[in-house]
Ligand SMILES: NC(=O)c1ccc[n+]([C@@H]2O[C@H](COP(=O)([O-])OP(=O)(O)OC[C@H]3O[C@@H](n4cnc5c(N)ncnc54)[C@H](O)[C@@H]3O)[C@@H](O)[C@H]2O)c1
C-alpha cells in the first residue's frame, strides 16, 4: 500500500476517469472528482469520490485543486467528428479548459499533473507501430491536444509544474461510452448482437486498431504517482498489437454464440486506416498490458449485460 494522497480527477464521470477513481480509492487515496456531466453520467462516479459538478473552465476549480498531491486531467471534448463540427468549442474546452487546470495546479502547488493526449496525434504519420516521436496532428481534436501539450511544456518551463502526457490508443472496458450516436465498436457490437440485431460496420471492416484494456491503463496511471521517471515524459498506452474491426466482430460474435452478420455501410470520413502503438517507452519502465483481448471482451460483455442490457430487459418486463 502506498502513502495516501489527495488526487483530483477531471472527467471523473466519464469512462477512463470513473475507472481510474475506482482504482485510486481501492489504493486508499482520497479522490476529488470534477465533471460538468456534458458527456459523463453521475451514476458512474464511484460513491467514495468527493464529486463537484463543475466545468474545467470555471475558476471554482482552483480551491478544489489547491494543495492536491496530483491531478489527472482527463476531461475533454473528445469525439473527433463533433470536434470537426465545432472547432471553437473544441479549443475552448480542450485548450482553454486545460490551461485553466494547469494554472490551478501551478497556483495551488500541485506536485504533478498527468494529462490525456491521444493516438489521434499520429493521424498524419504512416509509421506503424508508432513511437512517441511521430506526432503529426491534423484534425481539430488532435490539434487541440497538441496545443494542450505545448501549454503543459510552458507550465513546466516557466512555473515548474511537473507533468506526464499519456497517449491513449483505443481504451476499452466497463463504462465505455455506449450512448454516443456512433458508439465505440466493442460496445456497439456487444449491445446489438446481444439484442439479436445486426451491428453496423463502417467501411470494409479492414481498418485496424490498437485496443488496450482500461485496467492496464490504470496500472500506468498509478505508476505515474510514484515513479519520478515518468516526470516530463510522454507515453503511448496501447497493447502494441492491432486487430481489424472485422476480427473484433468475429471474436465478439463467438463469445456471444451469435451467427448474425454485420451490415456494411459507407466509411466514416477522416478515420485512420490503422493504429498501433510502439509501447517501448512505457515498457522500459516495466509497464506491460496484461489483459488479453478475449479476457477484456469477456469482462466488457459481463458489464454490459449487468448494467445496460439487464436493465433494458427488466424495464421491458415492467412495461
Ligand atoms: N477512451 C479512449 O479510447 C481515449 C483515446 C484517446 C484519448 N482519450 C482521452 O482520454 C480522456 C478521457 O476519455 P474518456 O474516454 O474517458 O472520455 P469520456 O467522454 O467518457 O469522459 C470525458 C469526461 O469529461 C467531461 N467533460 C467534458 N467537457 C468538460 C468540461 N468542460 N468540464 C468538465 N468536464 C467535462 C465529460 O462530461 C466526461 O465525463 C479524454 O481527454 C480523451 O480525449 C481517450
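Residue numbers (the working numbering): -4 to 314.
Positions of the beta carbon are idealized from the N, C-alpha and C atoms, including for glycine.
On a predicted model such as this, the values are computed, not experimentally measured, just so you know.
If residue i and residue j are in contact, beta carbons under 8 Å, what's the gap, nearest whole angstrom?
i           : j           : result
residue 4   : residue 28  : 5 Å
residue 222 : residue 280 : 6 Å
residue 184 : residue 169 : In fact, because the Cβ distance is near 15 Å, the residues do not count as touching under 8 Å.
residue 113 : residue 162 : 6 Å
residue 74  : residue 175 : 7 Å
residue 107 : residue 160 : Not really, about 12 Å apart at Cβ, beyond 8 Å.
residue 211 : residue 125 : Contact flag wrong, Cβ pair sits at about 18 Å.
residue 129 : residue 122 : 5 Å
residue 51  : residue 72  : 11 Å between Cβ atoms; not a contact.
residue 131 : residue 143 : Incorrect: roughly 16 Å between the Cβ atoms, too far for contact.
In terms of alpha-carbon separation, which member of the options lies closest to residue i?
i           : options          : result
residue 227 : 243, -1, 147     : 147
residue 59  : 35, 294, 82, 101 : 101
residue 135 : 77, 177, 149     : 77
residue 284 : 254, 224, 215    : 215
residue 17  : 53, 115, 290, 41 : 41
residue 220 : 236, 237, 105    : 105
residue 35  : 23, 45, 10       : 10
Given a cut-off of 7 Å, decide if residue j and residue i are closer than it, judged by their beta-carbon atoms.
i           : j           : result
residue 262 : residue 198 : yes
residue 231 : residue 267 : no
residue 229 : residue 164 : no
residue 240 : residue 202 : yes
residue 150 : residue 206 : no
residue 180 : residue 274 : no
residue 13  : residue 48  : no
residue 61  : residue 1   : no
residue 96  : residue 54  : no
residue 196 : residue 257 : yes
What's the gap between the Cα of residue i and the Cα of residue j?
i           : j           : result
residue 7   : residue 300 : 23 Å
residue 189 : residue 99  : 45 Å
residue 25  : residue 192 : 43 Å
residue 292 : residue 57  : 39 Å
residue 313 : residue 91  : Reliability of the predicted coordinates at residue 313 is poor, the pLDDT of 47 falling under 50, and the value obtained from them is presented with this limitation in mind. Between residue 313 and residue 91, the C-alpha separation is close to 46 Å.
residue 218 : residue 282 : 9 Å
residue 311 : residue 251 : For residue 311, the predicted model reports a pLDDT of 45, less than 50, meaning its position is unreliable; a value from the coordinates is still stated below. Computed Cα separation, rounded: 21 Å.
residue 246 : residue 204 : 14 Å
residue 116 : residue 289 : 28 Å
residue 84  : residue 145 : 19 Å
residue 254 : residue 213 : 34 Å
residue 23  : residue -1  : 6 Å
residue 82  : residue 208 : 30 Å
residue 303 : residue 294 : 14 Å
residue 236 : residue 31  : 34 Å
residue 249 : residue 157 : 46 Å
residue 127 : residue 233 : 12 Å
residue 154 : residue 298 : 43 Å
residue 152 : residue 305 : 51 Å
residue 103 : residue 86  : 24 Å
residue 37  : residue 182 : 20 Å
residue 277 : residue 70  : 23 Å
residue 109 : residue 224 : 13 Å
residue 79  : residue 140 : 13 Å
Can you tell me whether residue i is buried or exposed, with buried defined as 16 or more other CB within 10 angstroms of its CB?
i           : result
residue 264 : exposed
residue 93  : buried
residue 33  : exposed
residue 19  : buried
residue 177 : exposed
residue 260 : exposed
residue 15  : buried
residue 171 : buried
residue 111 : buried
residue 21  : exposed
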